[in-house]
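Let me begin by presenting the structure, written as structure tokens, before commenting on it.
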Amino acid sequence: MDKYIPADIETKWQRVWEEERSFEVPDPETPGGADRSEKSYVLEMLPYPSGTLHMGHVKNYTMGDVIARFRARNGAIIFHPMGYDAFGLNTENVAIKTGIHPAELTRINTGNINRQLHRLGVSIDWSRELATCDPEYYRWTQYFFLKFFERGLAYKKEAPVNWCPSCATVLANEQVVQGGCERCSTPVETRSLAQWFFRITDYAERLLDDFKQLESWPERVITMQRNWIGRSEGAEVIFRVDGLGIDVPVFTTRPDTLFGATFFLLAPEHELVETLVAGTEYENKVRDYVTSSRLKPLVDRAMAEREKTGEFTGRYAVNPVNGEKIPIWVSDYVLMEYGTGAIMAVPAHDQRDFEFARKFGIEVRVVVSGEGVGAESGPGLEAAFEEEGALVNSGRFDGMLNRDAGAAITEWLNGESLGRAAVSYRLRDWLVSRQRYWGAPIPIVYCDKCGTVPVPVDDLPVLLPDVEDYAPKGKSPIATNEEFVNTVCPVCGGPAKRETDTMDTFVDSSWYFLRYTDPRNDREPFDRAIANYWMPVDQYIGGVEHAILHLMYARFFTKVLYDMDLVAFEEPFNNLFTQGMIYYQGAKMSKSKGNVVNPDDHVENYGADTLRLYILFMGPPELDVEWQDQGIEGTFRFLGRVWRLINEIIEKAPADSAAGFEGLGGDIIKIVRKANQTIVKVSGDVSERFRFNTAISAVMELVNDTYLVKDELFQSDAGRGVLRFTAETVVKLLDPFAPHICAELWERLGHRRLWQEPWPRADERFLEDETYELVVQVNGKVRDRLQVASSAGKEDLLAAARASGKIAKYTGGKQLVKEIVVPGRLVNIVVK
RNA sequence: GCGGGCGUGGCGGAAUGGUAGACGCGCCAGCCUUAGGAGCUGGUAGGGUUCUCCCUGUGGAGGUUCAAAUCCUCUCGCCCGCACCA
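Counting from 94, one number per residue, gives the positions in the first sequence under the working numbering.
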């Protein structure tokens, strides 16, 4: 028998799959009318080509591959494409460091990843491969930007953003790590800059509503998105500035506490601040305060524990419910981005307002009374009372329960045109412009005469120009390329300048799953009918770190495309599976910690099959697991065991051995049953629960059992027939996990293409054992175990239990209370 | 602070109301071998023991049930997300 040499087998079959284009899937001839019931779009999040694949990727792509191969063998038409999220800061930073052009780096890295995925034997339709940095791809990313612009969903506005003074560039929120720049750790500042945004807030309600369309998204991910969107119900209440006659709306979730408002706050960025103080004695102090808070990093301002600061404006606001005049202050704990940038402050019932009032000596007035807190408790209060209670100091609403009073007060305000019920979201519009090089240029032109003009669709793509120096300087590096910047206005033909910002890479990855369906289309981003045929994705798999950003942006994009009638569905991913991370030596693998386990090394040492099998065997795929160097040895040994077992069977049990297992007994039939039971177990574990670890251990059991009886079974023709059957079952069941060794063994078993073979079905006749071990308990404690016939009824089981001498020992002389019989499991005799 | 998750042998884990610890790692023993870091077989929660049983045991305490790792209440520890969002 030859030795198991993974390298030889794996290259052999990878070549076959490539030459025969085994996993390519053509579009249906008439996609509009095609039957979609058998199609299955299996998708793993596309990799960012920052170098080579790490273990997390291997887990991701192996899981996807197991699902794809399993479904394919169960009759599905599998759509399983791959691409690269190839634009991005990471590559650009490496480029700056190494002097290698980002395009060249990307070419090298995508090449590596392509090679690694081939070496892992992942069943991908390579004919649909794409890279988001390819002009043929980003042309359509730009196209969508224009479509968004057309619909008013892309707009430019001045906004406070995170600024890294050392890198001289803006950073996305997610690129700010603990108040510092992710690249150089320099504390970030806040700057106000004109930026492009996508109006995702318009879709907040639908993003929330459509969770109900999602079939099996992890609760955790939905909760995270729900929190991120942060929907709050409340009221908008209009306060009038005394003496100036200006109306200022505020948003509050506590209209029930309106009578307790004792001051009024504006965010430092609020446009009204200047109007209120201009020409007054408060002017300078307030301006200084505004300036200093603008300099504070956004992250710092968001610290809940910070001491409250503020400045009085000298003006008063009129509380619409009681006509009371309350002082208007400016404070940086009020955020311009949320609600209206102005709030009514109710110190008795809001901890933040309470701290502010105490610091500046402002009245604390109780309007909701409860345990230990009454109408007169305000001055002595030690903390805000945020519990439920009855209204006091609230005029005609006194005595009402506060949870009813909110609606009543809102209704009253509505009648007086002083307010209305309102909903507010924590979600902000999506900042998509970046002053960096390696991204898709925003297809906009600025003309002195015509203003902001979109590039005509026919002129796309706006190619990313080559520049000498793409180090960040505060402006996009392409701004220095005169040839690029200077252009003509598409409307008037006069001189104009191009937008030089590029798009956030999350834009690129918000629609790639659609492009896969029609990746070479050069007339439109994709054909509507073809996309509608393959989409939505039936199973999406990726890391939980994308729970909010990528997954929410992709959902948003899909909804916009639906509104444009470009697709017929509103959610892109019907089912989502988030995999756990792989730790090593108690920590996340990272280059800086030096605890990286390189997949290539393990493919080299043990082969791809062993690596795939081990990664899935480690534990439930959704949980974080710890990589164990010795663990992988175990799976390698197992595959060696399989190899030797099957080859021995091929040798000693010829293909023409007896078939049909009727009338067999003893160990022989036990193995037949075990094989059939394993078919059921593996099928269920893989299809219903993605429990690959238990599926693999079931196959291990079958292999172990077979080892124990094989020498006996080789002696008879019937036994040899059973071993053949067992060998084929093992190979078929193991195939999705370890496809190379199984393809090889299948061929050696005298067949051809295992991946085209139907998934095995269990034979009902050989599923149930003839006898089983019945547990007999007395008062819930196991006292005996009896072999009983599977066919035995409740009475038989009870009789057998009573007849046991061991049981009699515990029941003797006691009074029988109850007897519980669970056929197939146990008998429990309760005595007193 | 709010929200979510997790806690089972030396280790990864299995069991989702019915035999706790499947399967694998590690370890121990036997066989085979010139040798083995190969292969095959057996053992391996803790304690007791008359060697066949007995007791204890799923972070801790209580409860429901004939029966709880599993359901409920409280509590401790760890991890993740959000966090001045009015």
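Idealized CB from N, CA, C, for every residue including glycine.
{"query": "6 Å Cβ shell around residue 443 - same chain, five flanking residues per side excluded", "result": "477"}
{"query": "Euclidean distance between Cα positions of residue 574 and residue 560", "result": "7 Å"}
{"query": "In DSSP terms, what residue 356 is bridged to", "result": "438"}
{"query": "CA nearest to the CA of residue 739, picked from 628, 705, 199 and 795", "result": "795"}
{"query": "Status (buried if at least 16 other CB within 10 Å, exposed otherwise) for residue 114", "result": "exposed"}
{"query": "Counterpart residues of residue 133 in DSSP-defined beta bridges", "result": "171"}
{"query": "With 16 other Cβ atoms within 10 Å as the buried cut-off, status of residue 664", "result": "buried"}
{"query": "Residue 919 beta carbon less than 8 Å from that of residue 926", "result": "Only positions 94 to 925 of the chain appear in the structure, and residue 926 is not among them; the question remains open."}
{"query": "Residues near residue 494 by beta carbon distance below 8 Å, same chain, minus five either side", "result": "481, 482, 483 and 484"}
{"query": "Environment of residue 96 [buried if 16+ CB atoms lie within 10 Å]", "result": "exposed"}
{"query": "Three-pair Cβ contact test at 8 Å for the region 499-516 versus the region 314-323", "result": "no"}
{"query": "Proximity of residue 793 and residue 731 at Cβ, strictly below 8 Å", "result": "yes"}
{"query": "Residue ranges of each alpha helix (DSSP H) within the region 530-606, 4 or longer", "result": "575-578 and 598-601"}
{"query": "Bridge-paired residues (DSSP) for residue 253", "result": "285"}
{"query": "Nearest neighbour of residue 717, chosen from 687, 752, 680 and 693 [CA to CA]", "result": "680"}
{"query": "Where the beta strand (DSSP E) through residue 340 begins and ends", "result": "339-345"}
{"query": "Residue 471 in three-state terms, based on DSSP", "result": "helix"}
{"query": "Inter-stretch contact (C-beta, 8 Å, three-pair minimum) for the region 689-697 and the region 760-770", "result": "no"}
{"query": "For residue 436, the nearest candidate out of 309, 402, 417 and 351 (CA to CA)", "result": "351"}
{"query": "Contact test: residue 420 Cβ vs the ligand ZN heavy atom, cutoff 7 Å", "result": "The model depicted lacks the ligand ZN and carries no ligand whatsoever."}
{"query": "Coil, strand or helix - residue 59 by DSSP", "result": "Lying outside 94 to 925, the shown extent of the chain, residue 59 is not represented and no answer is given."}
{"query": "Cβ neighbours of residue 163 in the same chain (closer than 8 Å, five flanking residues each side left out)", "result": "779, 780, 829 and 852"}
{"query": "Same chain, Cβ closer than 7 Å to residue 713, five either side skipped, listed in chain order", "result": "784 and 786"}
{"query": "Stretch pair the region 575-585 + the region 539-559: three plus CB contacts closer than 8 Å", "result": "yes"}
{"query": "Cβ contact check for the region 324-336 and the region 458-478: 3 or more pairs under 8 Å", "result": "no"}
{"query": "Among 486, 123 and 822, nearest to residue 468 - alpha-carbon criterion", "result": "486"}
{"query": "Spatial distance of residue 497 from residue 353 (CA atoms)", "result": "16 Å"}
{"query": "Opposing strand residues paired with residue 675 [DSSP bridges]", "result": "718"}
{"query": "Residue nearest to residue 508 in terms of C-alpha spacing, selected from 529, 414, 445 and 533", "result": "414"}
{"query": "Residue 832, enclosing alpha helix (DSSP H) - first and last residue", "result": "832-841"}
{"query": "Residue 646, enclosing alpha helix (DSSP H) - first and last residue", "result": "642-656"}
{"query": "7 Å CB neighbourhood of residue 598 in its chain, flanking five on each side removed", "result": "178, 180, 181 and 532"}
{"query": "Pick from 192, 186 and 176 that is closest to residue 205, judged by C-alpha positions", "result": "176"}
{"query": "The region 630-640 touching the region 132-140, judged by at least three CB pairs closer than 8 Å", "result": "yes"}
{"query": "Selection from 567, 535, 305 and 724 that minimises the alpha carbon distance to residue 558", "result": "535"}
{"query": "Contacts around residue 427, its chain only, beta-carbon distance under 6 Å, and the 5 residues preceding and following it disregarded", "result": "358, 360 and 436"}
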